[in-house]
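Student: Pasting a structure below so you can have a look.
Number of protein chains: 2
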Amino acid sequence: MLRLSKLADYGVVLMAELARDPECGSHNARELAELTRLPFPMVGKVLKRLTRDGLLVSQRGIHGGYALARPAEQIPVSKVISALEGPVALTACGVAPGSCEHEPSCHVRTPWEYINRAITETLDRVTVADLVRPASAIAFAELGVR
Amino acid sequence: MLRLSKLADYGVVLMAELARDPECGSHNARELAELTRLPFPMVGKVLKRLTRDGLLVSQRGIHGGYALARPAEQIPVSKVISALEGPVALTACGVAPGSCEHEPSCHVRTPWEYINRAITETLDRVTVADLVRPASAIAFAELGVR
DNA sequence: ACATAGAGGACCGGAGAGGTCCTGTAAATA
DNA sequence: TATTTACAGGACCTCTCCGGTCCTCTATGT
Numbered sequence: 024m025l026r027l028s029k030l031a032d033y034g035v036v037l038m039a040e041l042a043r044d045p046e047c048g049s050h051n052a053r054e055l056a057e058l059t060r061l062p063f064p065m066v067g068k069v070l071k072r073l074t075r076d077g078l079l080v081s082q083r084g085i086h087g088g089y090a091l092a093r094p095a096e097q098i099p100v101s102k103v104i105s106a107l108e109g110p111v112a113l114t115a116c117g118v119a120p121g122s123c124e125h126e127p128s129c130h131v132r133t134p135w136e137y138i139n140r141a142i143t144e145t146l147d148r149v150t151v152a153d154l155v156r157p158a159s160a161i162a163f164a165e166l167g168v169r
Numbered sequence: 024m025l026r027l028s029k030l031a032d033y034g035v036v037l038m039a040e041l042a043r044d045p046e047c048g049s050h051n052a053r054e055l056a057e058l059t060r061l062p063f064p065m066v067g068k069v070l071k072r073l074t075r076d077g078l079l080v081s082q083r084g085i086h087g088g089y090a091l092a093r094p095a096e097q098i099p100v101s102k103v104i105s106a107l108e109g110p111v112a113l114t115a116c117g118v119a120p121g122s123c124e125h126e127p128s129c130h131v132r133t134p135w136e137y138i139n140r141a142i143t144e145t146l147d148r149v150t151v152a153d154l155v156r157p158a159s160a161i162a163f164a165e166l167g168v169r
């Protein structure tokens, strides 16, 4: 089913949760785990990775927590996914040339590149802000989706 | 990396190989395995599934083999993928409602639906014929891809 | 009848996803 | 400065499921 890993799925949910706060303030991992009802250890793991990739900023200590590194409108969903499960690509050749043993004899590589790009661009166009906007449908009009 | 299963990957390659034959004639599994350099048992497995799903027609017996069930222009890549790894969807909720335990408390479900649909439509628009057309770029223009 | 090729399974090993836990370090408060 | 809280960065484990093989049965042509 062309599955997204749970790590990436959780990441999207958590980013959206942070963006839901109108002030985009700081929330700690435990709080986010409760809000999203996701297992706390996983939430910690995901938040750490998102921080390392520069999508979140963290604050240690007693009133520590996480906050969006940039306004939600400037964070594409594709970045969230790639931070957690590597580059968005359907096939190995879309990630790095030479990573597929069949590359020399493969006749469908070029088309796959186009498909990969089309999908990447779709995920580039959706931002974290779109995930929390109530009237999402409007925001998605530009995707050409009914 | 938002991975496609190898089964589906092989399926696409095999469908393309069948479409490359200008007469779209019948080819047996062994022959296709040699042409694509994929392991023969896997080729058999994939071809069987594609046949069960009505994308290929098969002929048993001494001059048996497989051929496209329809003209390549009428076979979207999305069908090939879904025949081999189930419905195209990034999240469980995109496959069947109620399949995700977090559904009641999840706030990003609606946006995911739109994203799922955008990606599905991308894969719907590409046909097996596009995979073998030399000047693929032209065929992909309609995807809005550079 | 016999050789060939597909149909439909069962079956197996290993990689990797999903999940937990532990130790270290930074910050705030008293 | 001691203590508590929370993030940082791993190691580590379990178990599912993917990738792959193989075997038996049935259909077809010679």
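Chains as they are written, first to last, in my numbering: chain Z, 24 to 169; chain W, 24 to 169. In this text, a Cβ means the ideal position worked out from N, Cα and C, and glycines have one as well.
1. Considering only DSSP beta bridges, list what Z/GLN82 is partnered with.
2. Answer yes or no: do Z/PRO110 and Z/VAL118 have a C-beta to C-beta separation smaller than 8 Å?
3. Give, in chain order, every residue of the stretch 139 to 151 of chain Z whose Cβ lies closer than 8 Å to some Cβ of chain W.
4. Considering only the beta carbon of each residue, do W/GLU124 and W/ARG132 sit closer than 8 Å?
5. Answer yes if the stretch 145 to 152 of chain Z comes into contact with the stretch 51 to 67 of chain W, meaning at least three C-beta pairs across the two stretches below 8 Å, and no otherwise.
6. Just verifying my parser: in three-state terms, what is the DSSP assignment at W/PRO64?
7. Is DSSP giving Z/PRO99 helix, strand or coil here?
8. So which of Z/THR114, Z/ILE142 and Z/THR143 has the shortest CA-CA distance to W/SER7?
9. Report the residues of the stretch 39 to 66 of chain W with a CB closer than 8 Å to any CB of chain Z, ordered along the chain.
10. Taking its Cβ as the centre, do 16 or more other Cβ atoms sit within 10 Å of Z/ILE85, making it buried, or is it exposed?
11. State the Cα-Cα distance for the pair W/PRO134 and Z/VAL36, rounded to the nearest angstrom.
12. If I measure Cβ to Cβ from W/ASP76 and keep anything under 7 Å in the same chain, skipping five residues before and after, which residues do I get?
13. Here's a check: name, in chain order, each residue in its chain whose Cβ is nearer than 6 Å to the Cβ of W/ALA95, leaving out the five neighbours to either side.
14. With H, G and I counted as helix, E and B as strand and the rest as coil, what does DSSP make of Z/THR150?
15. Residues of chain Z with CB under 9 Å from W/VAL69, in chain order?
16. If the cut is a Cβ gap below 7 Å, which residues of chain W does Z/LEU154 touch?
17. With Z/GLU54 as the anchor, note down where its alpha helix (DSSP H) starts and where it stops.
18. Taking just the CA atoms, how far does W/ASP32 sit from W/ARG83?
19. Which one of W/ALA56, W/GLU46, W/LEU30 and W/LEU25 has the shortest CA to CA distance from Z/SER128?
Tutor: Let me lay it out:
1. Z/GLY88.
2. Yes, Cβ-Cβ distance for Z/PRO110 and Z/VAL118 is below 8 Å.
3. If the cut-off is 8 Å between Cβ atoms, the stretch 139 to 151 of chain Z has ARG140, ALA141, ILE142, GLU144, THR145, LEU146 and VAL149 near chain W.
4. No, the Cβ-Cβ distance between W/GLU124 and W/ARG132 is not below 8 Å.
5. The stretch 51 to 67 of chain W vs the stretch 145 to 152 of chain Z: no contact.
6. Helix.
7. In the structure shown, Z/PRO99 adopts extended strand secondary structure according to DSSP, grouped into three states.
8. As displayed, chain W neither begins before 24 nor continues past 169, which places residue 7 of chain W out of reach and without an answer.
9. ALA39, GLU40, ARG43, THR59, ARG60 and LEU61: these are the residues of the stretch 39 to 66 of chain W whose beta carbon lies less than 8 Å from some beta carbon of chain Z, given in chain order.
10. So Z/ILE85 counts as exposed.
11. Answer to the nearest angstrom: the Cα atoms are 11 Å apart.
12. Excluding sequence neighbours, W/ASP76 sits near ALA106.
13. Only ALA42, VAL151 and ALA152 meet the Cβ criterion.
14. Three-state DSSP puts Z/THR150 in a strand.
15. By Cβ distance, chain Z contributes nothing, its closest Cβ being about 14 Å from W/VAL69, past 9 Å.
16. VAL131 and PRO134, listed in chain order.
17. Per DSSP, the unbroken alpha helix (DSSP H) holding Z/GLU54 starts and ends at 52 to 59.
18. Approximately 25 Å, taken between the alpha carbons.
19. It is W/ALA56.
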